[in-house]
Amino acid sequence: CQPLCHRTQSQPLSAGPAAPERPEPPRLPLWQRAAVAGAVAGLAGAGWLYLRREKERRLRQRRLRDLRALALGQGDFQLQDTSGAPRSRADLLGRWVLLYFGFTHCPDVCPEELEKLCRAVELLEAVPGLPPVQPLFITVDPARDDAAALGRYLRDFHPRLQGLTGTEEQVRAAAGAFRVYVSAGPPDPDGDYVVDHSVLTFLLGPDGLVRDCYGRSRTAEELAKSVRGHMESYEPLPPG
Amino acid sequence: MAAPTREERTACWGARDEFWQCLDSHGDDAAKCEKLRRAFESRCPQQWVKHFDKRRDFLKYKKKLETEGYIPPEAAGKS
């Protein structure tokens with residue numbers, strides 16, 4: 001049925017200034033609506049990022065506490081560097097260290113891991129503002145790897161790569177502190193042998209704590225990225 | 001006995017790679033790759049030759065696992 005009165009286009013209801021045909025809620029222009037939606041999304045995103053960062057921070061703290069409880073690499077060691085000078089754990093404090101256990105007669109794994117380690121150090125050196133990383137090699141074959149042999153071997157890799165050796169007991173103690181498995185194989189008729197050992201690169205923080213460890217499958221780029229992440233988020237251990 | 005230098009290592013790895021390429025292209029028929037085998041053995045310390053032989057066996061076994069899946073040995077039954 002027809003409405004009692006209907007308006008036509010040409011006859012507005014009120015005689016005053018032109019009014020809209022039907023009362024409508026005030027509409028914001030499109031750009032303002034987009035801006036509000038954007039602001040809400042931005043706030044939600046910022047909130048999510050904050051929560052995620054907090055969660056990562058808590059995870060890191062817990063991991064640090066676990067690492068300290070594990071006490072990997074704790075305890076002192078007494079070794080000698082390639083110039084024969086005595087070195088102990090205290091000499092490593094205050095620096096970031098990438099540590100690898102190996103031996104100079106190693107067929108392929110140690111050279112590859114050392115290349116990778118040194119490449120990671122080079123990548124980190126190229127990033128401005130990062131503290132320097134000390135690459136370090138500890139032999140698991142002290143019988144053959146004396147200071148001179150180590151020096152010759154390590155020269156091929158990186159100018160700052162240092163090596164440590166010692167007596168059988170000293171080396172066994174140092175490897176044991178890092179839970180590195182070492183087992184010399186049966187010797188050849190000419191006395192050659194290989195040493196089976198865990199293949200791991202350890203990252204030590206300036207406080208001496210093992211912060212991470214890297215196996216065969218990680219690339220140099222992944223190592224550098226991980227070390228950088230540790231450096232940038234470095235926090236001293238929580239107390240207790 | 002000094003450890004191999006970097007040049008000696010590279011030469012050994014090169015000889016090993018040539019030998020392995022020969023084996024790959026002849027279906028692991030070692031008889032066809034005698035010359036390269038001798039070159040490999042002369043360039044690498046004996047311990048390394050043994051190590052690389054074992055490595056090749058392992059790589060082949062790994063490939064077999066990846067393509068054929070794991071087939072338990074027949075004697076399995078008691079641990």
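As they're listed, the protein sequences go chains A and B.
Numbered per the UniProt record's numbering, the first sequence spans residues 1 to 240.
Numbered per the UniProt record's numbering, the second sequence spans residues 1 to 79.
Each residue gets a CB set at the ideal place from its N, CA and C atoms; glycine is no exception.
As the structure is a computational prediction, the values presented were derived from the model and not from experiment.
Length of the line joining the Cα atoms of residue i and residue j
i, j, result
"A:GLY208", "A:LEU114", "21 Å"
"A:TYR100", "A:SER183", "16 Å"
"A:ALA220", "A:LEU161", "16 Å"
"B:ALA3", "A:HIS105", "5 Å"
"B:LEU23", "B:ASP57", "12 Å"
"A:VAL199", "A:CYS118", "16 Å"
"A:LEU72", "B:GLU66", "35 Å"
"A:TYR214", "A:ALA224", "11 Å"
"A:ARG179", "A:ARG216", "17 Å"
"B:PRO73", "B:LYS64", "14 Å"
"A:ARG144", "A:ALA90", "26 Å"
"A:ARG33", "A:VAL40", "11 Å"
Buried or exposed by the 16-neighbour rule on C-beta atoms within 10 Å, applied to residue i
i, result
"A:LEU92", "buried"
"B:GLN47", "buried"
"A:ALA175", "buried"
"B:LYS62", "exposed"
"B:HIS26", "exposed"
"A:ASP76", "exposed"
"A:ALA35", "exposed"
"B:ARG9", "buried"
"residue 84 of chain B", "Here chain B comprises residues numbered 1 to 79, so residue 84 of chain B is not present and cannot be evaluated."
Residue closest to residue i, alpha-carbon to alpha-carbon, out of the options
i, options, result
"A:MET231", "A:GLY129, A:ALA174, A:GLU169 and A:ALA149", "A:GLY129"
"A:THR139", "A:THR167, A:ARG52, A:ARG155 and A:ALA126", "A:THR167"
"A:LEU204", "A:ASP108, A:VAL40, A:PRO131 and A:ARG53", "A:PRO131"
"A:GLY229", "A:ARG179, A:PRO25, A:ASP141 and A:TRP96", "A:TRP96"
"A:ARG87", "A:GLY163, A:ARG155 and A:GLU112", "A:GLY163"
"A:TYR181", "A:PRO189, A:ARG172, A:ASP188 and A:PRO187", "A:ARG172"
"B:PHE19", "B:ASP53, B:ARG6, B:THR5 and B:PRO45", "B:ASP53"
"A:ASP66", "A:GLU112, A:ARG211, A:GLU56 and A:ALA224", "A:ARG211"
"A:PRO159", "A:GLN134, A:PRO236, A:ARG179 and A:ARG144", "A:GLN134"
"A:VAL194", "A:VAL127, A:ASP146, A:TYR234 and A:PRO107", "A:PRO107"
Cβ distance (whole Å) where residue i is taken to contact residue j below 8 Å
i, j, result
"residue 242 of chain A", "A:VAL121", "The requested residue 242 of chain A does not occur in the structure, where chain A is confined to residues 1 to 240."
"B:ALA15", "B:ARG55", "Actually they do not touch by this definition, with Cβ atoms about 14 Å apart."
"A:GLN78", "A:GLN170", "5 Å"
"B:ARG6", "A:ASP156", "4 Å"
"A:VAL227", "A:LEU124", "6 Å"
* Asked: Do the stretch 147-155 of chain A and the stretch 75-90 of chain A meet, that is, are 3 or more Cβ pairs less than 8 Å apart?
  -> yes
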